[in-house]
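Trainee: Chains as they are written, first to last, in the working numbering: chain H, 1122 to 1233; chain X, 92 to 204. This is the structure I have questions about; it appears just below.
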C-alpha cells in the first residue's frame, strides 16, 4: 500500500519568514495530494490540495508543489503569522483507492 | 458553510463495553469515512462507505468494528467490545465523490478504561 513520509517533524520560524514542509510517497500511481492543518483539539482542516496533472498550485500565502518523477510534494507558507502555528499533515491517495494515507505531521511554531 | 459534525465530543467507557460514535456528514455528500488518531500519532484510515456498503477497510477495521448509515443523515461507527488500545480520536469525514476533497469533523475522543 501507499506510504507517506513527512519532514521535518517540528519546525520553528520567525514571524514573517517562510516555512517549507516536505513529503514523499511510495505509490507512483497516487494522484491526489491534500494538505491538512490541525489545531489543538480539532479535526484536520484542508488548506490546499493538488492533483497529479498539476505541478504547482497557489492560494494566497500557501503553495504546494508536486514532483511526480521524484514522488515528492511540498507545502510552502510565506509571510508566516502566529495563527499559522499548528500541526500540518500531508496525505496521498493510492491507486484505485479513496483512502487517505497521512504523513506523521509537522508541528509548526511561528515565533512572534 | 456546511460542515461535518460528530457526537459525542468525548466518550469514556469501560473495557469490553460497546460504543457508538455518531457523525452527520455534509448533506449532499455520497462518500463517508472513519479515521482514527492515537495521541501523538498520525491519522489512520479505518473504513470508507458508499451506497450503503463498505468500499474499503484497513487492517485495523476488524470484526469488532462496524459502520452503518441508519437514516438519511447519520453515519455511525460501532465498536462492539472496546479494548484499551481503542483509545484514540475518531474522525468522520465525507466527500461529494470518491475522488473529491474529504472534509473532516471535529472528532470524538474515545477513552477506554
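Quick reminder that beta carbons are idealized off the backbone N, C-alpha and C, glycines included. Every value quoted in this text rests on a predicted model; they were computed, and no experiment measured them.
#1: On the three-state DSSP scale, how would you describe residue 121(X)?
#2: Alpha carbon to alpha carbon, how far is residue 147(X) from residue 1128(H)? Give it in angstroms, no decimals.
#3: Got a sec: is the Cβ-Cβ distance from residue 187(X) to anything in chain H below 9 Å?
#4: Would you say residue 1163(H) reaches chain X, if we count a Cβ-Cβ gap shorter than 9 Å as a contact?
#5: By the criterion of Cβ-Cβ separation under 8 Å, what are the contact partners of residue 1218(H) in chain X?
#6: Write down the C-beta distance between residue 1207(H) and residue 1158(H) rounded to the nearest angstrom, noting that I regard them as a contact closer than 8 Å.
#7: Residues of chain H with a CB under 8 Å from the CB of residue 179(X): which are they?
#8: When the cut-off is 9 Å and only beta carbons count, does residue 1203(H) lie next to chain X?
#9: Can you pull out the residues from the region 1130–1159 of chain H whose beta carbon lies closer than 9 Å to at least one beta carbon of chain X?
#10: Look up residue 1155(H) in the DSSP assignment and say whether it is helix, strand or coil.
#11: Compare the Cα-Cα distances from residue 1257(H) to each of 1226(H), 1197(H), 1202(H), 1131(H) and report the closest residue.
#12: Going along chain H in order, which residues have a C-beta closer than 7 Å to the C-beta of residue 134(X)?
#13: Could you compute how far the alpha carbon of residue 170(X) sits from the alpha carbon of residue 188(X)?
#14: Just the C-alpha distance for residue 1165(H) and residue 95(X), rounded to the nearest angstrom, thanks.
#15: Counting C-beta neighbours from all protein chains within 10 Å, is the total for residue 179(X) 16 or more, i.e. buried, or is it exposed?
#16: What does residue 192(X) reach in chain H if we use C-beta pairs closer than 8 Å?
#17: Do the region 98–105 of chain X and the region 1166–1186 of chain H touch if we need at least three Cβ pairs shorter than 8 Å?
#18: Could you check where the beta strand (DSSP E) with residue 1177(H) kicks off and where it finishes?
#19: From 106(X), 157(X), 109(X), pick the residue whose C-alpha is nearest to that of residue 125(X); which is it?
Mentor: On the basis of the data shown:
#1: coil
#2: The alpha-carbon atoms of residue 1128(H) and residue 147(X) are separated by roughly 28 Å.
#3: no
#4: Residue-level contact by beta carbon holds for residue 1163(H) and chain X, with a gap shorter than 9 Å.
#5: 147
#6: 5 Å
#7: Those do not exist, as residue 179(X) stays about 13 Å from chain H at its closest Cβ, beyond 8 Å.
#8: no
#9: 1152, 1153, 1155, 1157, 1159
#10: strand
#11: Residue 1257(H) is absent from the structure shown; chain H starts at 1122 and stops at 1233.
#12: 1165, 1210, 1223
#13: 27 Å
#14: 11 Å
#15: buried
#16: 1155, 1167, 1170
#17: Look at the beta carbons and you see the region 98–105 of chain X not touching the region 1166–1186 of chain H: under three pairs across the two are nearer than 8 Å.
#18: 1177–1180
#19: 157(X)
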